[in-house]
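*Asks:*
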Amino acid sequence: MEITNVMEYEKIAKEKLPKMVYDYYASGAEDQWTLQENRNAFSRILFRPRIVKDVSEIDVSTRVLGFNISMPIMVAPTAMQKMAHPDGELATARATSAAGRIMVVKAVEGRLPVFLDGGVRRGTDVFKALALGASGVFVGRPSLFSLAADGEAGVRKMLQMLRDEFELTMALSGCRSLREISRNHIKTDWDFPHYLPAKL
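Take any residue in the sequence shown, count from 1 to its spot, add 37: that is its number in the numbering used here.
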């Protein structure tokens with residue numbers, strides 16, 4: 038099966054993993070409202086494209102926690118990866134390293150830039166998060182599902198798909214570097230005032 042976007046890895050993982058393992062990775066707390074809202078929030082943010090700009094060269098590299106990385110997408114810490122694939126965390130770390138990114142393995146204290154974790158499934162989601170002020174995003178479930186689907190190769194492909202979609206979104210928005218991404222590139226439902234009806 039040819040994978041065309043990151044969300045398809047979840048379907049493959051659901052078919053390959055024991056039900057208990059899949060449910061552990063895919064579920065959220067209680068009624069799972071927050072889990073669903075994390076995903077839905079991105080759909081309410083629209084783009085303001087800028088297509089009459091030279092974007093033949095796009096730079097998505099950045100610096101995070103003192104490391105130069107190839108793009109602002111990092112793999113979030115996720116528990117029990119060996120339930121998804123025999124190589125577990127080792128396969129994820131190798132794929133992350135090969136993609137020029139970092140993998141968070143423990144909490145870091147101190148002052149840090151703002152990062153978003155939760156609901157990111159497309160390169161467009163990455164762009165929206167950066168336009169709202171995030172310095173980068175973390176992906177957790179996509180790394181688990183791609184690991185379950187195809188091991189290290191799956192994680193590599195998932196990261197490359199996110200990068201390709203992110204670069205395309207930058208090009209369509211007229212951005213050649215991360216510094217050029219701004220709040221002006223998106224429109225949200227809270228951008229316009231909501232007027233209360235006049236008193237009768």
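Yeah, the Cβ is synthetic: ideal placement off N, Cα and C, and Gly gets one too.
1) Which class does residue 49 belong to by DSSP, given the choice of helix, strand or coil?
2) Mind checking if residue 224 is an interface residue toward chain B, Cβ cutoff 8 Å exclusive?
3) So, are the CB atoms of residue 42 and residue 178 less than 8 Å apart?
4) If you follow the alpha helix (DSSP H) that residue 163 is part of, which residue opens it and which one closes it?
5) Short of 6 Å in beta carbon distance, which residues of its chain neighbour residue 132, apart from the five on each side in sequence? Order them along the chain.
6) Look up residue 99 in the DSSP assignment and give the residues it is bridged to.
7) Can you give the Cα-Cα distance for residue 222 and residue 195, rounded to whole angstroms?
8) Please list the terminal residues of the continuous alpha helix (DSSP H) segment that includes residue 188.
9) I'd like to know if the region 204 to 214 and the region 151 to 170 are in contact, where contact means that at least 3 CB-CB pairs between them fall below 8 Å.
10) What does the alpha-carbon distance come out to for the pair residue 48 and residue 110?
11) Do you know offhand how far residue 25's Cα is from residue 89's?
12) Whole-angstrom Cβ separation of residue 185 and residue 121, contact assumed at under 8 Å?
13) Rounded to a whole number of angstroms, what is the C-alpha to C-alpha distance between residue 217 and residue 57?
14) Closest to residue 82 by C-alpha separation, out of 150, 126, 161 and 199, would be which residue?
15) Return helix, strand or coil for residue 215, following the three-state DSSP convention.
16) If we count the other Cβ atoms within 10 Å of its Cβ and call it buried at 16 or more, is residue 39 buried or exposed?
17) Under the rule that 16 or more other beta-carbon atoms within 10 Å means buried, what is residue 200, buried or exposed?
18) According to DSSP, is residue 148 helix, strand or coil?
19) Considering just the uninterrupted stretch of the alpha helix (DSSP H) at residue 54, what are its terminal residues?
*Replies:* Short version:
1) helix
2) Annotation note: the requested chain B is absent from the structure, which comprises a single protein chain.
3) The Cβ atoms of residue 42 and residue 178 lie no closer than 8 Å to each other.
4) 160 to 168
5) 189, 192 and 193
6) 106
7) 25 Å
8) 178 to 209
9) Three or more pairs of CB atoms, one per stretch, sit closer than 8 Å, so the region 204 to 214 contacts the region 151 to 170.
10) 22 Å
11) Only positions 38 to 237 of the chain appear in this structure, which leaves residue 25 out of reach.
12) Correct: roughly 4 Å between the Cβ atoms.
13) Answer to the nearest angstrom: the Cα atoms are 44 Å apart.
14) That would be 161, whose Cα lies nearest to the Cα of residue 82.
15) helix
16) exposed
17) buried
18) Annotation note: pLDDT 48 at residue 148 (below 50); position unreliable, coordinate value reported separately. The answer is coil: DSSP assigns residue 148 none of H, G, I, E or B.
19) Careful: residue 54 lies outside any alpha helix (DSSP H) and carries neither H nor E.
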